[in-house]
Every structure is written in C-alpha cells, then in structure tokens.
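Line by line, the protein sequences are chains D and R. Last residue of the first sequence: 1251 in my numbering, with the numbers rising by one and none dropped. Last residue of the second sequence: 445 in my numbering, with the numbers rising by one and none dropped. By construction, the Cβ of each residue, glycine as well, lies at the ideal position given by its N, Cα and C atoms. Before any comments, here is the structure.
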Amino acid sequence: MVRRETDMAENKREPVLVLRGLRAGIGGVEILRGVDLTVHLGEVHAIMGPNGSGKSTLVNVLAGKPDYEVYAGEVYYRGRDLLSMPPDERAREGVFLAFQYPVELPGVRLREFLRAALDAVREHRGLEKLAVRDFNRLVQEKLREMGMDAEFLKRNVNEGFSGGEKKRHEIMQLLLLDPTLALLDETDSGLDIDALKVVAQGINRFRGPDKAVVLVTHYQRILNYVQPDYVHVLIDGRIVASGGRELAQELEAKGYEWLRQAAEAGRRD
Amino acid sequence: MTQAPPVYETYARRFRELEAGRSEPDWLRELRREALGRFLDLGFPTARRGNEPWKYTDVGPVARTVFGPPPARPPLPLERLRRTLPWRPTWRRAVFVGGRYRPELSHLPAAGEEVTVLPLSRVLSQGDDLLERHLARYATYQDDAFAALNTAFFSDGALVVVPDGAEPERPLHLVFVSPESEGPYVHYPRVLVVLGRQSRLCLVESYLGLGDGPYLTSAVREFYLGEGAALEHYHLLLEGEAAYHVGQARFYQERDTSLRSVFFGRGCAIGRNDVRVDLDGPGSEAYLHGLYVTTGRQHLDNYINIDHIKPHCTSRLFYRGVLDGESHAIFGGTVYVRPGAQKTDAEQEDKNLLLSREAEVDSKPALEIYADDVKCGHGAAAGAVAEEALFYMLSRGIGPVLAQTLLIKGFASSVLDEVRLPALRTQLDRLLVDSLPRLRTEE
C-alpha cells in the first residue's frame, strides 16, 4: 500500500482540519466508518473513490448538512470542535462547501444573495460592510475571473443556470467569500474541458499558504489542472490509501478494485 | 323570516334611526330599504347550510356580536399613517377614520387634475347622476348578505370619477382607518370608481386597523371601467389582530379595458377578500395578483371570481400565501367561461408556503367552462420551505432568520414584482417581513 507521511510528520504548520475516527451516515445507516484525516494550511487534499464510497457524505458532514448524523469521532477546525457549530457559523468561520448540485433559490436575486453572504462573513471577521460601489466592483471582478457576465446578478440564484454555469458560480462564491477551508464536492463533474479549465484556474487562484482545499472527485482528470499535495482513496467509508499525486495516476491506470480487495484483505487480517 | 334574533332587531332598529336622520333622494332610500330587507331575509352566511362560498369561514362571531357605532372623531396624527402605509407626498389621498371622511388628513386632487374625488357623505343628500346610474349595480346585494348590509348602512366613502380620455398623473390613495375603541363597532366603507372611456387611473386602497379590540369593517367597492379604460389597482389589507373584515370588490369591464390589480393581505380574526370581475366586453384583460400572509390564529379567506361573459378576454389570477402559526387561509372562487365566450384565455394559480405544521390552507381554484374554443388552466400547491435551499444559504454564512427572510421574499416576489409604484414596493417588502414575527429577531 502506498503511504507517504514523512512530510506530514515534519509539518510545523497549523493543522486546519483534523478528523479522528469519524463515523456518520443518514437515518441510522453508517456511511463513513471511521475516517482519519489531517489537513494543514497550504495543502490541497484530493479525496478519490468510487461512487457510493462516502466522499460526498464526508464534505457534507463537515459543512453541517442537517440530514446527516454523526455517530462517533471528532472533527477539529483550527482547534475548535467543528461538529458543535451550526452550519452558518462554520461558514462564517471560514469553511466553504462548493455543492455538487448547487441549489436553485426561486425569487432570490444573485446580487442580494451574495450581498447577504458577504456581509455575514465580513461582519464575523470584524470588517465593515462594503459600500455598494465597492461591493459591485468586487463582485464584478470575481464574476469576470470565472468568465461570468454581470447580468447574472439580476438572475435568481442558480435558476436556469447551465451545469457549467452552476459550477463556475460556486467557485466564484469561493473567491468572493474567501474562506480558509474549501470543500469541493465533485466540482469537476459534468464539465466540458473548457469549463473545467476555468474552474481549475479559480481553485488555483484560491490556493495559498493560508488556505486549504479538500477536493472530492471521482476522476483523476481535474488533478491535471489542480495539483494536489495529497491523494486519499475512500472506499466503503474508510480511507484505504493515502499518497502523493502519483496515487491518482495509479488509480487512473488500475481503477479502484485492487484497492478494495487490498482493503478487504487488510480487514480480514 | 319567522322570528328575528335580537342581533337582527338591533340592525333593523339602527336602520330606522339612520333613515329618520337622513335626507336622501327617493331612489337611494328605496335602494337602502330593499337592501336591508335582503339582509334580514338572508341573514349572515352561517345561517344557511351547504353554502359553498362560505364553506371554510364561520362568521358566527360576527353574527353574534352587537356592534355599536365607531368612535366619533378620534384624534389621529398624520404621522401614524405615514409610518405604516405606503406614502408619497405627491400622491393624492382621501382618508376615512371609523367610516368618516377626515379632510384634515386628506389631500384631494385639485380642479384640473383629471380626476374628481368626492366624499360620499357630501354627495348622498343631493344625489348624483353617476351615483344613481352605478351604485349597487355591480355589487349586487340580492343574494349577498354583506353587500346588502353595507348598502343599507354606508354613510361615507369615496366617489371617484375619471372623465373620458383623462389620465391623472398622480396615484390616488384611499385610506380607511379602523381606530381604537372601547367596545366593538362596525363601519361601512363604500367606494364607487367610474372610469370614463379611454381613461386611466392608478388607485391604492388601504385598510388599516389601529386597535387591538374587535370591530367589523364591511367594505364594498365598485369599479366601472368604461370602454378602453385602464385601471392599475392596489389593495392593502392591514386590519387589527381582533378585526372582522369583509371586503368586497366588484370590477365591471366594458370592451378593451385593462385591469391590473395587486392585493396584499395580512390576516385578522376573520378576514374575507372577496373579488369579482365581470369581463363584459370583448378584448379586455384582468390581471389579479395577490399575496396573503397569516400568522398566529389569523384567518383570511380569498374568494375570487372572474366571469368571462364576452369572447376574446384574458384573465390571470396568481395568488401566493405565506402561512405561519396556527393560521388558516383559503383560496377559493371560480373562473367562469360563459357560453359564447370563445377565445377566452384564463389561468389561475395559488401557491402556498407553510412555515409551521399547524398552519392550514384550503386552496380550491375552480374553472367552469361552457365554451369550447378556450385556453384555460389552473393549479394549486402548498409546501414547506425547502430544506436544501435553506442549507445552501446557511452554508454561505447567512444566518437562519435572514436565510428564511430571503427565501420568503423570493417566494413572494412573483406577486410583488407586479407592483409598479416603487414606494409601494418598498413598503410591501417591509410589511411582508413585519407581518411574520419569526423574522423579526434578527437585523
């Protein structure tokens, strides 16, 4: 099995996210069956795995989606108990989830929505509300970075957006709200190659020494554009392998089955 | 009628007293007598069984209460109205408090402004041709106890006349205030609006309750749209918590007329928003949008009927409800398409957002079609705030109260976006939020 923990051991930077033995699921059905993960500032972690392995559950639990239940384990975000915080507080504290299926908000204009979100986040950080002109300038700059027209501001949130527009819009919000930890739930799914490049550029623009990214993906493709520091493989609710970028390439070549078998063999021992 | 219960005797006695003190033309005297007779014969709607229009609203408390006269001239600072109602200094307005015209609070159009507004109290004694021609013609009382009651008893209100071809520039605001009072009282606002040929008017009607005690507002409004006329109409229902309000609007449309009406209604103890549109000339259109908001133990019954009498008319009836607490709202009524009303294009839809499990809505839009070449559709829906949508907002750092506020405003926007007066739109956004106590805890 591929392992590479040497870097981590020497890493003196702040762990932004620590998961210990996290067990969670929906309606009493356990999906995550003991996940351990440590993410430091400056790092990009890719979580890969076959469908149904618990990847989306993992990031949704971290963001605080109410449908999910936590059965056991601990999660610390910047040293604080993340699981005890309501979802909106997590967001204000700097945890951002880019949705796999961004939700349509009928009748809610994008401008108003972004304004509310940015005001909430800035107020929490002790910053003043932006004047209308500064807000407009900032939003339009972020829209432009993601190849989106300012006309979007007049539209209802995600309503009538194409699949690609929805994903670009998620990353646009990431850049606008400027959190510390980005959880990206299959942000690459359903994108053509041009859209994928725009989205990847956005993620790369977000990266930095005081940021961290957990990127959930089914495919290795996006990792050609967003180079991860670590790759983890999630199967049946457990991380069965961790490594560097080469692990993703190995998965691309060999699929997930060999890891599943290895994991099962490991459990039998 | 065999034996009149004491409450009806009170109405009959009160009528005799009023009649003795009135000096009105014979036709009006006769009309009122006939109306009183119909009221006494029919009784309040609960008295009859199998009464479909009143299926979900029990007016028993109204029928059992002996209402006195409203307070005579309660003091009312203009500021109180300006704070609560949509307000622009340029708007013209007629203010009635406890059913009586209050000139010091009003600002009637001057001569030459292409619209005449007369307090009915000044018109009734000498009579008026337009009044005689139109009054009680559209709000028929033969089968309607509340219309009969109002017709028998009203003593004030507004006569609004827009001459042929006139297009008054400024909106007109009719304000009917229900003041605070020691005991229960009844007042009878009455409005007659006559739009001449090819004329247009923008009219706002507000019903505002200031007290916590019970009272009855029985309001009847008749709108006559002469050939080619266009009416932009807004109706705000903001009665007090313990109020009984039965409001009846009757729109009569000649050919090529246009009605655009937006209703905003807050619930009260018993509220009834009864609207009827008669499309009696080809080429006419009626767009009726409505938003109702009920909380606590409030009750609001929207009963809307649109009658396609002539061919080639369009109607749209789009209502939305936001319900909280243990409140109860109703959307009922029928769009009729009469035989021969070919090429009718009619749609009606009522959607509801239920903020609590205990809130209840009975949404029963109905169509009755007796013509074959028509395009008609209807639908109704009720649901809770979408959890997914709420979580999406929370995940952006927006607090739960603001998130709900944005979602509720979003839900209401398809109605409120129809408002063309910016001052009114701003005020309705505020009233929507203020009407829902659960949205008040966060800045």
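Three-way DSSP call (helix, strand, coil) for R:Gly-412 in this model: helix
Cβ of R:Tyr-394 within 8 Å of any chain D Cβ: yes
Chain D residues whose Cβ lies nearer than 8 Å to that of R:Phe-413: Pro-1088, Gly-1089
Contact under 8 Å by Cβ, D:Gly-958 with D:Ala-1045: Absent from the model: residue 958 of chain D. The displayed extent of chain D is 983 to 1251, so no value can be given.
Under 7 Å from the C-beta of D:Leu-971: neighbouring residues of chain R: The first residue shown for chain D is 983 and the last is 1251, placing residue 971 of chain D beyond what the model contains.
Beta-carbon spacing of R:Leu-293, R:Val-177 below 8 Å: no
CB contact flag (R:Gly-399, R:Leu-355, <8 Å): no
Contact set between the segment 1039 to 1071 of chain D and chain R, restricted to residues whose Cβ is under 7 Å from the partner: Ala-1045, Lys-1047, Pro-1048, Pro-1069, Asp-1070
Residue from D:Ile-1153, D:Gly-1036, D:Lys-1193, D:Gly-1024 with nearest C-alpha to D:Ile-1217: D:Gly-1036
Cross-chain neighbours of D:Gln-1155 in chain R, by beta carbon under 8 Å: Arg-398
Pick from D:Gly-1007, D:Gly-1016, D:Glu-1051 that is closest to D:Leu-1001, judged by C-alpha positions: D:Gly-1016
Under 7 Å by beta carbon: chain D residues contacting R:Ser-416: Gly-1089
First through last residue of the alpha helix (DSSP H) which encompasses R:Asp-145: From DSSP, R:Asp-145 is part of no alpha helix (DSSP H); its letter is neither H nor E.
Buried versus exposed, by CB contacts within 10 Å (16 or more), R:Thr-92: exposed
Beta-bridge pairing of R:Leu-205 - partner residues as DSSP gives them: R:Leu-174, R:His-235
Contact the segment 169 to 186 of chain R vs the segment 206 to 213 of chain R: 3+ CB pairs below 8 Å: yes
Stretch pair the segment 319 to 333 of chain R + the segment 352 to 371 of chain R: three plus CB contacts closer than 8 Å: yes
Within chain R, partners of D:Val-1085 - CB distance below 7 Å: Glu-390, Ala-391, Tyr-394
Contact set for R:Tyr-226: own chain, Cβ-Cβ below 6 Å, skip 5 residues either direction: His-136, Val-196, Tyr-254
Whole-angstrom distance between R:Glu-234 and R:Gln-350, CA atom to CA atom: 19 Å
Cβ neighbour criterion (16 or more within 10 Å) applied to D:Lys-1148: buried
Of the residues R:Ser-263, R:Leu-194, R:Ser-286, the one placed nearest R:Glu-134, counting alpha carbons only: R:Leu-194
Partners in chain R for D:Val-1103, counting only beta-carbon separations shorter than 7 Å: Gly-399
8 Å contact criterion, which R:Gly-215 and R:Ala-244 should meet: CB distance rounded: 6 Å
DSSP state of R:Thr-296 mapped onto helix, strand, coil: strand
Beta strand (DSSP E) segment containing D:Asp-1101, residue limits: From DSSP, D:Asp-1101 is part of no beta strand (DSSP E) but of the alpha helix (DSSP H) over 1092 to 1106.
Classification of R:Tyr-372 by the beta-carbon crowding that lies within 10 angstroms, buried from 16 upward: exposed
8 Å Cβ shell around R:Ala-49 - same chain, five flanking residues per side excluded: Since pLDDT at R:Ala-49 reaches only 43, below the 50 mark, its modelled position is unreliable, and no value is offered.
Beta-carbon neighbours of D:Glu-1094, restricted to chain R and to distances below 8 Å: Leu-408
Residue from D:Glu-1012, D:Asn-1042, D:Leu-999 with nearest C-alpha to D:Val-1198: D:Asn-1042
Paired residues, beta bridge with R:Pro-121 - DSSP: R:Ala-160
is_contact[D:Ala-1244, chain R] using C-beta, thresh 8 Å: no
Chain D within 8 Å of R:Leu-404, Cβ atoms only: yes
R:Pro-350: first and last residue of the uninterrupted beta strand (DSSP E) it sits in: For the sequence presented, residue 350 of chain R should be read as Gln rather than Pro. Residues 347 to 356.
Residue burial classification, R:Pro-424 (beta-carbon count within 10 angstroms, cutoff 16): exposed
Cβ pair R:Leu-309, R:Asp-280 closer than 8 Å: Here residue 309 of chain R turns out to be Asp, not Leu, going by the sequence shown. Yes; because the gap between Cβ atoms is below 8 Å, this pair is in contact.
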